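First up is the structure itself, then whatever we jot down about it.
Numbering (this note's numbering), first residue to last: 4 to 83.
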């Protein structure tokens, strides 16, 4: 199996955010932005948990750090 790229993971996480039915909006209510980010972080935690059980890791450490940095930048942009 191939390793996930940061872009592939971000696409998966954005899909999870879409499923939460909340959208990021700079002028929207705080809870909507927070709930979307929470859904995305929960999905990433599930992905990491499944990856930990594998013999061959699909999420490289540098990719994990990139995604976590992305979460931080989203939180900063949307005031979460």
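A virtual CB, placed ideally from N, CA and C, is assigned to each residue, including glycine. No experiment lies behind these values; they were computed from the predicted model shown.
Cβ pair residue i, residue j closer than 7 angstroms
| i | j | result |
| --- | --- | --- |
| residue 3 | residue 77 | What the structure shows of the chain is the stretch from 4 to 83, and residue 3 is not part of that stretch, so it cannot be assessed. |
| residue 83 | residue 40 | yes |
Cβ distance (whole Å) where residue i is taken to contact residue j below 8 angstroms
| i | j | result |
| --- | --- | --- |
| residue 9 | residue 69 | 4 angstroms |
| residue 38 | residue 23 | 6 angstroms |
| residue 84 | residue 81 | Nothing about residue 84 can be reported from this structure: the residues present for the chain run from 4 to 83 only. |
| residue 63 | residue 6 | 6 angstroms |
| residue 44 | residue 74 | 6 angstroms |
**OP:** Kindly confirm or deny that the region 29 to 38 and the region 53 to 60 touch, where touching means at least three C-beta pairs closer than 8 angstroms.
**Re:** no
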